[in-house]
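A short worksheet on the structure shown next.
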Amino acid sequence: MDALTPDDDGYAAMLVKSMEVEDPRDRWKHTGEPPPANGPEDYGHGIETRAPEAPRPRFTPVALDDVTISAEPASLIDGLLPARGLANVIGAPKSGKSFFTSDMLCSVAQGALYAGRATLQGAVIYLTGEGVNGFKRRLVAMRQHRGIEGQGVPFYMIENVPDLGSEATDLPQLLAELDAFIAATCPEGPRAIVLDTLARCMGEGDESSARDMGRFVNRCGAIERHFGCLVVVVHHVGKDPTRGGRGSNALNGAADVTILVEKSDAFSTVRIEEMKDGREGQEWRFRLAPFDLSATFSDGCAPPSEAVENSTCVVEILSQPGKAQLRATNAKPKPPKGLAGDLLKIVKRAIEDAGTTAHGSAAVPHQIRAASRDDLKRYCQTMAWQEGAEGNSWRAQLSTNLSKLRDGGQIGFDREWVWLIT
């Protein structure tokens, strides 16, 4: 039979028939079995008729009696940093804020106590855009000082920062690249991501513009939600440190915690200026101690001869977080008086006579001369310090006055050693 042409009778009917969609249930007529009961999507390669999923509700009310507390940890560092959110570390140039931030978060990566506070162990990703070569030296010194070389501590450095302030942002690329890295390296995800500094992350954005700074804050929020971690921003203070970070106050208002680092000649002071769910006004002290890196360089690979290339600094914690103290100034600490003053003289004598080089942990300065706690007790007894006091009363007085000297910036100590702060 010849094929129909458009001029033949029945061509239109044939065309309509050819355009009809087959009912997928017809395929089951000659099988002797009933069609699937779950709908057209189960008929094999038939027509997909499932309706698109409705968007998830974002504004669902929850009754007061149904509000529950998350079982997730609340703190990254007990009482100092939240487990999630936005932290703002501010300080003047050369105040030590980057030293401080990297040291604090290395304790998180290591799972070690930080200034006597418990940490929630996990990976830390530190993005730096300023002084990269110097920052590398700091990290090498830090791992040697802490005694963690070769232990696989999950602290990762990125020698670049994303543009989070311009209209055209690096955020999608940042998330994609970190997703790939995390999937291959630390599937449990990071505990903290550091952006050092804010100025380097603004791109063409203006940190004095509320709109641009708001854009930056929103993108930090996107990072926090994507990875479920704490985002830490290192930022410069303005001319008036009491008014927070430089530029628009959008970051100050959005931060869950704002930490101020102030430098003096003898030490630096850290102060929790603002904290949404914690105690404000806590202060502690640290100093930057010189650290020699000469032994790090192998023969034939030594750096230039300038001394600055062979050394850097490490952070030494001088006091634990506590109530607010006097703000850091450039004045030298006043000599202690009374029992504390007498004890300082004995500490100096014990170190001079019986001191040795203490090879310690992060609490003990690198290759510092120190006296053992046992030797110090012996010298106190020999030199009649607190004569007449005995037993627990004498030990309590010793502990109290050692703490006074440490808080005053004169000495440092741990369970085994006592040393002078120079």
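Taken in order, the sequence shown gives residues 84 to 505; the numbers are from the numbering used here.
C-beta: ideal position from N, C-alpha, C; glycine also.
Of the residues Ser394, Phe369, Gln365, Arg362, the one placed nearest Asp375, counting alpha carbons only: In the sequence shown, residue 375 corresponds to position 292, counting from 1. Nearest option by C-alpha distance: Ser394.
Out of curiosity, what's the CA-to-CA distance linking Ala349 and Arg456? The residue labelled residue 349 in the question sits at position 266 within the sequence shown. The residue labelled residue 456 in the question sits at position 373 within the sequence shown. Taking the Cα positions, Ala349 is about 24 Å away from Arg456.
Should Asp186 be labelled buried (16 or more other beta-carbon atoms within 10 Å of its own) or exposed? Residue 186 sits at position 103 when you count from the first residue of the sequence shown. It counts as buried.
Excluding sequence positions up to five away, which residues of its chain have a Cβ less than 6 Å from the Cβ of Leu459? By one-based count along the sequence shown, residue 459 stands at place 376. Excluding five sequence positions before and after Leu459, the CB atoms of its chain that fall closer than 6 Å to its own CB belong to Ala433, Val501, given in chain order.
Give me the Cα-Cα distance between Ile504 and Ser476, rounded to the nearest whole angstrom. Taking the first residue of the sequence shown as position 1, residue 504 is located at position 421. Taking the first residue of the sequence shown as position 1, residue 476 is located at position 393. Roughly 27 Å separates the two Cα atoms.
Secondary structure at Leu371, three-state DSSP: helix, strand or coil? As a position in the sequence shown, residue 371 is number 288, starting the count at 1. Residue state, collapsed to three classes: strand.
Taking 8 Å as the limit between beta carbons, can you name the residues of its chain near Leu98, skipping five residues before and five after? For this step, residue 98 is matched to residue 15 along the sequence shown. With a pLDDT of 48 at Leu98, under the threshold of 50, the predicted position of this residue should be treated as unreliable, though the coordinate-derived value follows. Closer than 8 Å at Cβ, skipping near neighbours: no residue.
Less than 7 Å between the beta carbons of Phe183 and Val207, yes or no? In the sequence shown, counting from the first residue as 1, residue 183 sits at position 100. In the sequence shown, counting from the first residue as 1, residue 207 sits at position 124. It is not a contact, given that the beta carbons lie outside the stated cut-off.
How would you label Arg229, buried or exposed, when you count the other beta carbons within 10 angstroms and need 16 or more for buried? Locating residue 229 in the sequence shown gives position 146, where the first residue counts as 1. With 16 or more other Cβ atoms within 10 Å, it is buried.
How many Å lie between Arg461 and Glu307 at the Cα? Walking along the sequence shown from the start, residue 461 turns up at place 378. Walking along the sequence shown from the start, residue 307 turns up at place 224. Computed Cα separation, rounded: 53 Å.
Going by C-alpha distance, which of Val320, Leu281, Val150, Gly199 is nearest Gly405? Residue mapping note: residue 405 aligns to position 322 of the sequence shown, counting from 1. Selected option, being the one with the closest Cα: Gly199.
Going by the beta-carbon positions, is the gap between Thr268 and Val317 smaller than 7 Å? Walking along the sequence shown from the start, residue 268 turns up at place 185. Walking along the sequence shown from the start, residue 317 turns up at place 234. No, the pair does not count as a contact, with Cβ atoms beyond the cut-off.
Assigned secondary structure, Cys312 (DSSP; H/G/I helix, E/B strand, else coil): In the sequence shown, residue 312 corresponds to position 229, counting from 1. Cys312 falls in the coil class under three-state DSSP.
Report all residues from its chain with a CB closer than 6 Å to the CB of Asp148; omit the five preceding and five following residues, and keep chain order. Within the sequence shown, numbered from 1, the residue matching residue 148 stands at position 65. No residues qualify anywhere along the chain.
Return the chain-ordered list of same chain residues with a C-beta closer than 7 Å to the C-beta of Val509, the five sequence neighbours on each side being excluded. Residue 509 falls outside the range modelled here, since the chain spans only 84 to 505, and no answer is possible.
Taking the beta strand (DSSP E) that Ala166 falls in, what are its first and last residues? As a working mapping, residue 166 is identified with position 83 in the sequence shown. Unbroken run through Ala166: none, as it is neither H nor E.
Given that a residue counts as buried once 16 or more other Cβ atoms are within 10 Å of its Cβ, and exposed if not, what is Asp339? Here residue 339 refers to the residue found at position 256 when the sequence shown is read from its first residue. Buried, because 16 or more other Cβ atoms sit within 10 Å of the Cβ of Asp339.
What's the gap between the Cα of Ala305 and the Cα of Ala293? Here residue 305 corresponds to residue number 222 of the sequence shown, with the count starting at 1. Here residue 293 corresponds to residue number 210 of the sequence shown, with the count starting at 1. The straight-line gap from Cα to Cα measures roughly 18 Å.
Can you check whether the CB of Pro419 is closer than 7 Å to the CB of Gly491? Taking the sequence shown and counting its residues from 1, the one referred to as residue 491 is at position 408. Taking the sequence shown and counting its residues from 1, the one referred to as residue 419 is at position 336. Yes, these two residues count as a Cβ contact at 7 Å.
Coarse secondary structure for Met296, derived from DSSP in three states: Residue mapping note: residue 296 aligns to position 213 of the sequence shown, counting from 1. In the structure shown, Met296 sits in a helix (DSSP, three-state: H, G or I).
Answer yes or no: do Gln193 and Val236 have a C-beta to C-beta separation smaller than 7 Å? The residue you call residue 193 lines up with position 110 of the sequence shown. The residue you call residue 236 lines up with position 153 of the sequence shown. Yes, the pair counts as a contact, with Cβ atoms nearer than the cut-off.
Would you check if there are 3 or more beta carbon pairs closer than 8 Å linking the stretch 347-365 to the stretch 162-179? yes
What are the boundary residues of the alpha helix (DSSP H) that includes Ile504? Stepping through the sequence shown from its first residue, residue 504 is reached at position 421. For Ile504, no alpha helix (DSSP H) encloses it, and the DSSP letter there is neither H nor E.
Under 8 Å Cβ to Cβ from Ser351, same chain only, skipping five residues before and after it: list those, please. The sequence position of residue 351 within the sequence shown is 268, counting from 1. Excluding positions up to five away in sequence, the list reads Ser178, Gly179, Phe183, Val344, Glu345, Arg368, Phe369, Arg370, Leu371, Ala411.
Measuring only the C-alpha atoms, how far is Gly214 from Thr483? In the sequence shown, the residue the question calls residue 214 occupies position 131. In the sequence shown, the residue the question calls residue 483 occupies position 400. Going by the C-alpha atoms only, they are around 41 Å apart.
Using only the alpha-carbon positions, how far apart do Lys487 and Ile451 sit? Position 404 of the sequence shown, counting from 1, holds the residue named residue 487. Position 368 of the sequence shown, counting from 1, holds the residue named residue 451. Distance between the alpha carbons of Lys487 and Ile451 is about 21 Å.
Rounded distance between the beta-carbons of Arg274 and Leu313, thought under 8 Å: On the sequence shown, position 230 is the one that residue 313 refers to. On the sequence shown, position 191 is the one that residue 274 refers to. The pair is a contact, with the Cβ atoms about 7 Å apart (cut-off 8 Å).
What is the DSSP secondary structure of Lys346, reduced to helix, strand or coil? By 1-based counting over the sequence shown, the position of residue 346 is 263. Three-state DSSP puts Lys346 in a strand.
Am I right that Leu210 and Ile241 are in contact with their C-beta atoms under 8 Å? What's the rounded C-beta distance? What you label residue 210 is simply residue 127 of the sequence shown in a count that begins at 1. What you label residue 241 is simply residue 158 of the sequence shown in a count that begins at 1. Indeed, because the Cβ distance is near 4 Å, the residues count as touching under 8 Å.
Look up Ile451 in the DSSP assignment and say whether it is helix, strand or coil. Start at 1 with the first residue of the sequence shown, and residue 451 comes out as number 368. Three-state result, Ile451: strand.
Near Asp425, which residues of its chain fall below 7 Å by C-beta distance, leaving aside the five closest residues on each side in sequence? If you number the sequence shown from 1, residue 425 lands on position 342. Excluding residues within five positions, the ones whose Cβ falls inside 7 Å are Trp468.
With a CB to CB cut of under 7 Å and the five nearest residues on each side skipped, what residues in its chain are close to Asn402? On the sequence shown, position 319 is the one that residue 402 refers to. Per the sequence presented here, residue 402 reads as Ser, with Asn not at that position. Within the same chain, Ser402 has close Cβ partners Trp367, Arg368, Arg489, Asp490.
Work out the CA separation of Pro156 and Arg167 for me, nearest whole Å. Taking the sequence shown and counting its residues from 1, one reaches residue 167 at position 84. Taking the sequence shown and counting its residues from 1, one reaches residue 156 at position 73. The alpha-carbon atoms of Arg167 and Pro156 are separated by roughly 9 Å.
DSSP has Ser402 in a bridge; who is on the other side? Translated into the one-based positions of the sequence shown, residue 402 becomes position 319. None, per the DSSP bridge assignment.
Alpha-carbon to alpha-carbon, Leu203 and Ser158: For the purposes of this step, residue 158 is taken as the residue at position 75 of the sequence shown. For the purposes of this step, residue 203 is taken as the residue at position 120 of the sequence shown. Spanning the two alpha carbons is a distance of roughly 7 Å.
Counterpart residues of Gly328 in DSSP-defined beta bridges: Mapped onto the sequence shown, residue 328 falls at position 245. Answer is Val320.
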